[in-house]
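When we follow the numbering used here, the leftmost residue of the sequence shown carries the number 43, and every step to the right adds one.
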Amino acid sequence: MKYIVYADGGARGNPGPAGAGAIVRNETGDTVLTVSEFLGHTTNNVAEYTAVLRALQGIRDIAGSESAEVLVNMDSELVVKQMKGEYKIKHPNLKPLAEEVKKLLPHYAHVSFTHVRREQNKDADALANAAMDRGV
């Protein structure tokens, strides 16, 4: 089974009130998971990583032992390049989140990270903003 993830995070003020959002669709285009989580006061990059982490955790729960292929799409070039190993992860707040994401990768047959334009990531952006609006 193939899962397509659109993930986004944001913080108002950066750092500030932050939210993580993600939408996961299966290979037929059906939405199988949404994430909209308020994170308290943190940075946009922490929110971006949290969105990916929650999506991967959710897919693991849905797919079980099934060998799934996951395509992660994000408008955060930083997170995409860090996950591909093109950029080093220097910020101490991001290292533990990146490690959590990396620990999940062996659960899947294949995981790829792709940088997309912001316009292509509107659904995940809306979920992240809804989380910030709720503030809970």
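Cβ coordinates follow ideal geometry from the N, Cα and C atoms, glycine included.
Quiz item: What span of residues does the alpha helix (DSSP H) with V143 cover, start to end?
Solution: 137-146
Self-check item: Check whether G51 and T76 have beta carbons under 8 Å apart
Solution: no
Quiz item: Given A172, which residues of its chain have a CB within under 8 Å of its CB, disregarding the five upstream and five downstream residues?
Solution: G61, G63, S78
Quiz prompt | Closest residue to H133 among V47, T85, R96, G71 (Cα-Cα distance) | solution = T85
Quiz item: Comparing alpha-carbon positions, which option in G106, I104, L146, T156 lies nearest E128?
Solution: T156
Quiz item: DSSP puts N171 in a beta bridge; with which residues?
Solution: Paired residues: none, contrary to the question.
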